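Engineer: The structure under discussion is supplied below as structure tokens; questions concerning it will follow.
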Amino acid sequence: MKNTGKCPKCGESDLIYVPGSVAYGVGNNIMIGLTTLSAVRVNRYVCATCGFTEEWINLEDIAKVQKAYKRP
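The opening position of the sequence shown corresponds to residue 13 in our numbering, with each subsequent residue numbered one higher.
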């Protein structure tokens with residue numbers, strides 16, 4: 013959805029962008045440290061037609077997540 017502008021499930025283009033946020037310990041984020049100051053924000057795209065969601069983190073945050081979490 014982020015790259016195509018269309019929902020991969022239903023094909024519609026009525027999308028909603030929900031920016032990631034970290035506030036008072038809540039939000040759609042990935043904790044990589046002990047405080048919210050070190051959290052990686054997760055941005056979401058929501059299809060307003062079928063409700064399908066897609067989540068993305070910023071490219072510069074990928075290395076932080078790799079360092080904090082081992083790969084399966």
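Beta carbons are placed, not taken as given, at the ideal position from N, Cα and C, and that holds for glycine.
Predicted model, so just to flag it, every value in this text is computed and none were measured.
By the DSSP assignment, the beta strand (DSSP E) with Val30 in it spans what residues?
Structural biologist: Residues 27-30.
Engineer: I'd like to check one pair, Ile69 with Val54: are the Cβ atoms closer than 8 Å?
Structural biologist: In this structure, Ile69 lies closer than 8 Å to Val54 by Cβ.
Engineer: Within 10 angstroms of its Cβ, does Ala51 collect 16 or more other Cβ (buried), or is it exposed?
Structural biologist: Label assigned to Ala51: buried.
Engineer: Pick helix, strand or coil for Ile69, following the three-state DSSP scheme.
Structural biologist: Looking at Ile69 - three-state DSSP - the assignment turns out to be coil, as it is neither helix nor strand.
Engineer: Quick check on Val34: does DSSP put it in helix, strand or coil?
Structural biologist: Here Val34 sits in coil by DSSP.
Engineer: DSSP on Ile74, reduced to helix/strand/coil?
Structural biologist: The answer is helix: DSSP assigns Ile74 an H, G or I state.
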